[in-house]
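Peer 1: Take this structure, written in structure tokens, and hold onto it; I'll ask about it next.
In our numbering, the protein residues as written are 343 to 826.
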């Protein structure tokens, strides 16, 4: 028989052996913060109370910004849903990810995916609402969405997850989307908001239908923020708020005309705020330009991982922590390929753009095509110009095409565009007056044109070849249009 001291040592080893996996899990979770990523669907800058919009009721976003860091110049890589989400989880520019630069694409397994790298590093991952979408990931061999497994909401995920692991959760709200011209959030907005404070932007006509669209949008923003608040409450009740990085932003601008699928600010500029307990100085603003796709490598660095060398986007962790960042930008590049299937022969309307603090330059690579979609191709609800989503304002404009009172807005929204657009944001923040042909802006035009050329070359954009139209040939997995 073993002596008592030997038996005590044996029992101690058994206890340690049983406890070690749990201990490692606790240390793992402590060293690697949880990440809650809240991404709105078609929510544009500056629709938040803290950003000065008197119509926006966003207490959760405002809290994140007050208790963390508010970014003031955040733009999407593409003003379109799944392309931006593709860029985000691959950490690359749209023209570097093949068919995923198109809406309703597949998702080939040919590049590292941020969410899967986090899973491999020990993170529990999941999503609710809208993940990588819209598109067809199954055709590429995925068994689940590239973002991860689906849950009812964040509380459901939090209750079911492995508590010994840190987590990454993608909360994809869709309440700010137009839902095919329906107005599901209009009644809420009328109950909670003062409609007399509503301002109609100059790119839209001021009429009752437009005001209904806008009120519905603000109601959707309220519901987005309510879901964010519920997730924050779940973290607080679990005592995990300060060990969780909360990143709150949007995939692109709003769904109203000249927003979604356009490189104007209303389609590409979005809110962004980040909270991380005591790790961040509360109430700080970051003025540097940030690309939403930068968040992919940022997630990896927050988890203590090194982003793969092939990722061309840049982590903003240093900016978050208030450190010098050698990758800081003085401008942002935006691009677009095929949005919906709304042109003959499934053609795209490719754009490349650069946004500085004072100017927006857009290059329309196929100006002979219709930017809003062909007028004789019927899309949702048998309406033409399908790259302008169905809203009350779209219906009003289509029903008044011969009315001089709407002529300016019809031209802005549905008309063809020149090969180059240039907007002086100091005088024209809504980007209405194209000054590309103005001699006083000739030097600016030349300089920004050259910067786009250089960016395209440095990042191996296939569109450097003027004849390239590869994105027109990729499959489209969404709703088919009707050709006349």
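Built from N, CA and C at the ideal position, the CB exists for glycine as well.
(1) Return the chain-ordered list of same chain residues with a C-beta closer than 7 Å to the C-beta of residue 466, the five sequence neighbours on each side being excluded.
(2) Residue 778 and residue 613 - do their beta-carbons sit closer together than 8 Å?
(3) Please list the terminal residues of the continuous beta strand (DSSP E) segment that includes residue 415.
(4) Hey, quick one: how far does the beta strand (DSSP E) through residue 633 stretch, first residue to last?
(5) Opposite residue 380 in the DSSP bridges: which residues?
(6) Which word fits residue 639, buried or exposed, when buried means at least 16 other C-beta atoms lie within 10 angstroms of its C-beta?
(7) Would you kindly work out how many angstroms separate the C-alpha atoms of residue 386 and residue 501, rounded to a whole number?
(8) Please list, in chain order, all residues of the same chain as residue 571 whose beta carbon is under 6 Å from its beta carbon, the five residues on each side excluded.
(9) To the nearest angstrom, how far is the alpha carbon of residue 371 from that of residue 819?
(10) Here's a check: name, in chain order, each residue in its chain whose Cβ is nearer than 8 Å to the Cβ of residue 528, leaving out the five neighbours to either side.
(11) Who are the Cβ neighbours of residue 632 in its own chain at under 6 Å, not counting the five residues just before and after it?
(12) Is it the case that the Cβ atoms of residue 644 and residue 587 are separated by a distance below 8 Å?
(13) Looking at the unbroken beta strand (DSSP E) that takes in residue 685, where does it start and where does it end?
(14) Along the beta strand (DSSP E) that carries residue 468, what are the first and last residues, could you check?
(15) Count the other CB atoms within 10 Å of the CB of residue 373; is the residue buried (16 or more) or exposed (fewer)?
(16) Is the beta carbon of residue 698 less than 8 Å from the beta carbon of residue 667?
(17) When you compare only the Cα positions, how much space is there between residue 551 and residue 598?
(18) Between which residues of its own chain and residue 399 is the CB-CB distance below 6 Å, once the five residues before and five after are set aside?
(19) So, residue 684 versus residue 728, is the Cβ gap smaller than 8 Å?
(20) Could you pull the DSSP bridge partners for residue 406 from this structure?
(21) Residues in the same chain with beta-carbon distance under 8 Å from residue 404, minus the five sequence neighbours each way, listed in chain order, please.
(22) Rounded to whole angstroms, what is the Cα-Cα separation between residue 786 and residue 686?
(23) Would you grab the beta carbon distance between residue 693 and residue 678 for me? Rounded to a whole angstrom, and I think it's under 8 Å.
(24) Just how far apart, CA to CA, sit residue 797 and residue 530?
(25) For residue 578 and chain D, any beta-carbon pair shorter than 8 Å?
(26) Between the Cα of residue 774 and those of 813, 546 and 523, spot the shortest distance and give me the residue it belongs to.
(27) Taking DSSP as the reference, what is the three-state secondary structure of residue 720?
(28) Return yes when the Cβ of residue 594 is within less than 8 Å of the Cβ of residue 384, no when it is not.
Peer 2: By the coordinates alone:
(1) Numbered from 1 along the chain shown, position 124 holds the residue referred to as residue 466. Closer than 7 Å at Cβ, skipping near neighbours: 503, 504, 507 and 509.
(2) Position 271 of the chain shown, counting from 1, holds the residue named residue 613. Position 436 of the chain shown, counting from 1, holds the residue named residue 778. Contact: no.
(3) For this step, residue 415 is matched to residue 73 along the chain shown. Here the beta strand (DSSP E) through residue 415 covers 411–417.
(4) Position 291 of the chain shown, counted from the first residue, corresponds to residue 633. Here the beta strand (DSSP E) through residue 633 covers 626–633.
(5) To locate residue 380, count along the chain shown from 1; it is residue 38. Residue 380 is bridged to 513 and 590.
(6) Within the chain shown, residue 639 is the residue found at index 297, counting from 1. Label assigned to residue 639: buried.
(7) For this step, residue 386 is matched to residue 44 along the chain shown. For this step, residue 501 is matched to residue 159 along the chain shown. Roughly 32 Å separates the two Cα atoms.
(8) In the chain shown, residue 571 corresponds to position 229, counting from 1. The residues are 402.
(9) Within the chain shown, numbered from 1, the residue matching residue 371 stands at position 29. Within the chain shown, numbered from 1, the residue matching residue 819 stands at position 477. Caution is warranted here: a pLDDT of 38 is assigned to residue 371, below 50, making its placement in the model unreliable, and the coordinate value is therefore given only provisionally. Roughly 39 Å separates the two Cα atoms.
(10) Indexing the chain shown from 1 puts residue 528 at position 186. Excluding residues within five positions, the ones whose Cβ falls inside 8 Å are 554, 557, 558 and 561.
(11) Position 290 of the chain shown, counted from the first residue, corresponds to residue 632. Within the same chain, residue 632 has close Cβ partners 413, 416 and 658.
(12) Position 302 of the chain shown holds residue 644. Position 245 of the chain shown holds residue 587. Going by beta carbons, residue 644 and residue 587 fall inside the 8 Å limit.
(13) Residue 685 sits at position 343 when you count from the first residue of the chain shown. No residue range can be given for residue 685, since it is assigned to no beta strand (DSSP E) and is classified by DSSP as neither H nor E.
(14) Against the chain shown, residue 468 aligns to sequence position 126. 466–471 is the span of the beta strand (DSSP E), which, as asked, contains residue 468.
(15) Position 31 of the chain shown, counting from 1, holds the residue named residue 373. Flag for residue 373 reads exposed.
(16) Residue 698 sits at position 356 when you count from the first residue of the chain shown. Residue 667 sits at position 325 when you count from the first residue of the chain shown. Going by C-beta atoms, residue 698 is not nearer than 8 Å to residue 667.
(17) Walking along the chain shown from the start, residue 551 turns up at place 209. Walking along the chain shown from the start, residue 598 turns up at place 256. Using only the alpha carbons, I get a separation of about 12 Å.
(18) In the chain shown, the residue the question calls residue 399 occupies position 57. Only 564 meet the Cβ criterion.
(19) The residue labelled residue 684 in the question sits at position 342 within the chain shown. The residue labelled residue 728 in the question sits at position 386 within the chain shown. The answer is yes: Cβ separation under 8 Å.
(20) What you label residue 406 is simply residue 64 of the chain shown in a count that begins at 1. Its beta-bridge partners do not exist; DSSP assigns none.
(21) Start at 1 with the first residue of the chain shown, and residue 404 comes out as number 62. Counting only residues of its own chain and dropping the five nearest sequence neighbours on each side, residue 404 has a CB closer than 8 Å to the CB of 390, 391 and 392.
(22) In the chain shown, counting from the first residue as 1, residue 786 sits at position 444. In the chain shown, counting from the first residue as 1, residue 686 sits at position 344. Between the C-alpha atoms of residue 786 and residue 686 there is a straight-line separation of about 35 Å.
(23) As a first step, residue 693 is located in the chain shown; it is residue number 351 there, counting from the start. As a first step, residue 678 is located in the chain shown; it is residue number 336 there, counting from the start. Right, the Cβ-Cβ distance comes to about 4 Å (below 8 Å), so this counts as a contact.
(24) The count along the chain shown starts at 1 and reaches residue 797 at position 455. The count along the chain shown starts at 1 and reaches residue 530 at position 188. Residue 797 and residue 530: Cα-Cα distance of roughly 45 Å.
(25) Going by chain labels, chain D is absent from the structure shown, which holds only one protein chain.
(26) Counting from one through the chain shown, the residue named residue 774 turns up at place 432. It is 546 whose Cα lies nearest to the Cα of residue 774.
(27) As a first step, residue 720 is located in the chain shown; it is residue number 378 there, counting from the start. If DSSP states are grouped into helix, strand and coil, residue 720 belongs with the strands.
(28) Residue mapping note: residue 384 aligns to position 42 of the chain shown, counting from 1. Residue mapping note: residue 594 aligns to position 252 of the chain shown, counting from 1. Going by C-beta atoms, residue 384 is nearer than 8 Å to residue 594.
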